[in-house]
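Chains as they are written, first to last, in our numbering: chain A, 1 to 113; chain B, 1001 to 1115.
This is the structure:
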């Protein structure tokens, strides 16, 4: 009965590779997000989707491409991985209004060697 | 743009001590304010929130009041436990465009409670 789930939990890969992270929510929410947490624990939004439509793209390099096949899923594909991409990536979902709580997944720790 | 500033950590307290973690914000609109907690190795969980001025959010003995006049949302707890050891994030929710919002986070404050 996990609300927001992500796979994989850990991802270790070489520079230059392409990888994907998957996210699913079973809360019936319309909006999903990707956040990046760096090594100093700082969290910053990357993308948000509402009803499968991209709404927010916070100047993220175009090596990062989110894809939302349906309202319950938001995947993140990363091309040509760089050392600086190493971080924890969190998926979240909400109904989307300013006062709504965002529910976070457990995170995916990406390490680029 | 909108921003959140919270006190630097780590904060180290003895069990049953009083906790305050300061948080101030800058926003052009009328944001909602949140405290999220991240336990070691886990994702973020909502601790409490307030959606308008003078609202008080509370949960698990933690409280924070939305103060528009001082643009603050300080987190307090009267008696901390070892199990409260975690990183605490203050955040504001701003309109991101269309039908969505986005969370803008402070830098996080590590709380370590010693028995």
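We put the beta carbon where it would ideally sit given N, CA and C, even for glycine.
Nothing here was measured: the structure is a model prediction, and the numbers come from that model.
Which value, in whole angstroms, describes the spacing of the CA atoms of residue i and residue j?
i	j	result
residue 1084 (chain B)	residue 1112 (chain B)	8 Å
residue 1060 (chain B)	residue 83 (chain A)	39 Å
residue 68 (chain A)	residue 85 (chain A)	21 Å
residue 49 (chain A)	residue 1090 (chain B)	23 Å
residue 30 (chain A)	residue 106 (chain A)	20 Å
residue 1047 (chain B)	residue 16 (chain A)	39 Å
residue 1086 (chain B)	residue 59 (chain A)	30 Å
residue 32 (chain A)	residue 77 (chain A)	15 Å
residue 1064 (chain B)	residue 6 (chain A)	31 Å
residue 1082 (chain B)	residue 1039 (chain B)	12 Å
residue 1074 (chain B)	residue 1043 (chain B)	22 Å
residue 1027 (chain B)	residue 1004 (chain B)	9 Å
residue 1076 (chain B)	residue 110 (chain A)	34 Å
residue 1103 (chain B)	residue 1052 (chain B)	16 Å
residue 1002 (chain B)	residue 22 (chain A)	30 Å
residue 1009 (chain B)	residue 1115 (chain B)	19 Å
residue 1110 (chain B)	residue 75 (chain A)	30 Å
residue 34 (chain A)	residue 66 (chain A)	9 Å
Taking the beta strand (DSSP E) that residue i belongs to, which residues open and close that run?
i	result
residue 46 (chain A)	43-50
residue 974 (chain B)	There is no way to answer for residue 974 (chain B), as the model of chain B reaches only from 1001 to 1115.
residue 1046 (chain B)	1044-1050
residue 1057 (chain B)	1056-1059
residue 109 (chain A)	108-112
residue 1112 (chain B)	1109-1114
residue 1012 (chain B)	1011-1014
residue 1037 (chain B)	1032-1038
residue 102 (chain A)	Unbroken run through residue 102 (chain A): none, as it is neither H nor E.
residue 946 (chain B)	Residue 946 (chain B) is absent from the model: chain B starts at 1001 and stops at 1115.
residue 1019 (chain B)	1019-1021
residue 1005 (chain B)	1003-1006
residue 88 (chain A)	87-94
How would you label residue i, buried or exposed, when you count the other beta carbons within 10 angstroms and need 16 or more for buried?
i	result
residue 1014 (chain B)	exposed
residue 1054 (chain B)	exposed
residue 24 (chain A)	buried
residue 18 (chain A)	exposed
residue 3 (chain A)	exposed
residue 1025 (chain B)	buried
residue 70 (chain A)	exposed
residue 89 (chain A)	buried
residue 12 (chain A)	exposed
residue 1018 (chain B)	exposed
residue 38 (chain A)	exposed
residue 10 (chain A)	exposed
residue 36 (chain A)	buried
Report the residue ranges of all beta strand (DSSP E) runs contained in full by the region 8-79 of chain A; include only those spanning at least 3 residues, in chain order. 10-13, 19-25, 31-37, 43-50, 53-57, 64-70 and 73-78, all fully within the region 8-79 of chain A.
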